[in-house]
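Colleague: Just so you know, the sequence shown maps onto residues 1 to 223 in the working numbering. Just so it is clear, CB atoms sit at the ideal spot from N, CA and C, and this is done for glycine as well.
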Amino acid sequence: MEKISRQQYQQLIEGAEVIEKDGFGVKVLDTHKGEMIKLFRRKRVFSTALFKPYAVRFVNNAKQLTLLGIPTITINRLLWCGSIKRHIVIYERLEGELLRDSLSQLTEAGEEPFKQFGEFVATLHAKGVYFRSAHLKNILVLPNGDLGLIDISDMQIKRGVLGVNLRKRNFEHILRYQKDKDLIRKHFDSFISGYRSVSKISEENSLQIKQTIRSILASTQGA
1 MEKISRQQYQ QLIEGAEVIE KDGFGVKVLD THKGEMIKLF RRKRVFSTAL FKPYAVRFVN
61 NAKQLTLLGI PTITINRLLW CGSIKRHIVI YERLEGELLR DSLSQLTEAG EEPFKQFGEF
121 VATLHAKGVY FRSAHLKNIL VLPNGDLGLI DISDMQIKRG VLGVNLRKRN FEHILRYQKD
181 KDLIRKHFDS FISGYRSVSK ISEENSLQIK QTIRSILAST QGA
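(1) So, for arginine 57: in the same chain, excluding its five sequence neighbours on each side, which residues have a beta-carbon less than 7 Å away from its beta-carbon?
(2) Is glutamine 105 helix, strand or coil by DSSP?
(3) Using 8 Å as the threshold, is the segment 193-207 in touch with the segment 100-120, meaning 3 or more CB pairs across them?
(4) What distance in whole Å lies between the Cβ atoms of leucine 149 and phenylalanine 171, which are believed to be in contact at a cut-off of 8 Å?
(5) Express the C-alpha separation of lysine 52 and serine 133 in angstroms, rounding to a whole number.
(6) For asparagine 165, count neighbouring Cβ atoms within 10 angstroms of its own Cβ and tell me buried if that reaches 16, exposed if not.
(7) Does the separation of the CB atoms of glycine 160 and glycine 110 fall below 9 Å?
(8) As a quick exercise: from Asp30, Gly69, Val141, pick the residue whose alpha carbon is nearest that of serine 226.
(9) Let me make sure I understand the geometry here. Which of Thr212, Asp180, Gln11 has the alpha-carbon closest to that of arginine 169?
(10) Please report how far the alpha carbon of glutamine 156 lies from the alpha carbon of glycine 163, in whole angstroms.
(11) Checking the sheet assignment: what are the DSSP bridge partners for lysine 3?
(12) Please list, in chain order, all residues of the same chain as alanine 49 whose beta carbon is under 6 Å from its beta carbon, the five residues on each side excluded.
(13) Within its chain, find whatever has a CB closer than 7 Å to the CB of lysine 85; leave out the 5 residues flanking it on each side and keep chain order.
(14) Who are the Cβ neighbours of serine 83 in its own chain at under 8 Å, not counting the five residues just before and after it?
(15) Tell me glycine 25's beta-bridge partners as DSSP assigns them.
(16) Could you tell me which residues DSSP puts in a beta bridge with threonine 74?
(17) Give me, in chain order, the residues of the same chain whose beta-carbon lies closer than 8 Å to that of isoleucine 216; leave out the 5 immediate sequence neighbours on both sides.
What follows is the structure, encoded as structure tokens:
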């Protein structure tokens, strides 16, 4: 991990566009040179982040996903700026279209992308990836047609396939937004067909997951 001064930090972000910020300051910047800059702060005084900073988890998640063959961002640098008390990750921008936007533009006959989305989620689960932020704005449709992950901070990668309870819980995260529920509801059969085709779980557990997704889609909560 490199240590940089405030002056070096200012040089780093010079000309970059702020993409995301909150009450604590800037969170994400786009350099418009093919790289993104993400800043991490420790949210609580007493936190596991004291021993394993969120930025380190972010970097490790990217490396593990790559090893698993799941398209994601490529890390270039991991930094610490003591004067602003932030860890900083610089990574290559992953080009593509948000899955939500891509699916929203499809006609009623466009079933294959929904099947592909189901297959992608099942692949994550089969490889032990529990991604709490795996909603349709954190998944990209890449130029080659594959799906990839961005904003990979809130993630655990288990040693084996996810159990049925974790899978069911993960679908609550994936389908948290009403707009996404509406999209999947219209193409439910294609989505669940794709998921079941590569899910590597029993018929009984597969049925449980199907019922859970139906229940989530029936809910009207979410932004």
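Modeller: This is what the structure gives:
(1) Short of 7 Å from the beta carbon of arginine 57, and not among the five residues preceding or following it, lie these beta carbons of its own chain, in chain order: Ser153.
(2) coil
(3) By the Cβ criterion, the segment 193-207 is in contact with the segment 100-120, since at least three pairs of Cβ atoms, one from each stretch, lie closer than 8 Å.
(4) With 8 Å as the limit, phenylalanine 171 and leucine 149 do not qualify as a contact, their Cβ atoms being about 16 Å apart.
(5) Take the alpha-carbon of serine 133 and the one of lysine 52: they are about 20 Å apart.
(6) exposed
(7) Not in contact: glycine 160 and glycine 110 (Cβ atoms no closer than 9 Å).
(8) There is no way to answer for residue 226, as the model of the chain reaches only from 1 to 223.
(9) Comparing alpha carbon positions, the residue from Thr212, Asp180, Gln11 closest to arginine 169 is Thr212.
(10) 13 Å
(11) Looking at the DSSP assignment, lysine 3 forms a beta bridge with Trp80.
(12) Residue confidence is low: alanine 49 scores 48 on pLDDT, short of 50, so the model does not pin down where it sits. Its coordinate-derived value is still stated next. Cβ neighbours of alanine 49 beyond the five flanking positions: Arg42.
(13) Arg41
(14) Sequence-distant Cβ neighbours of serine 83 in its own chain, meaning closer than 8 Å and more than five residues away, are Ser5, Arg6, Tyr9.
(15) Asp22
(16) Glu92
(17) The answer, listed in chain order, is Phe171, Glu172, Leu175, Lys181.
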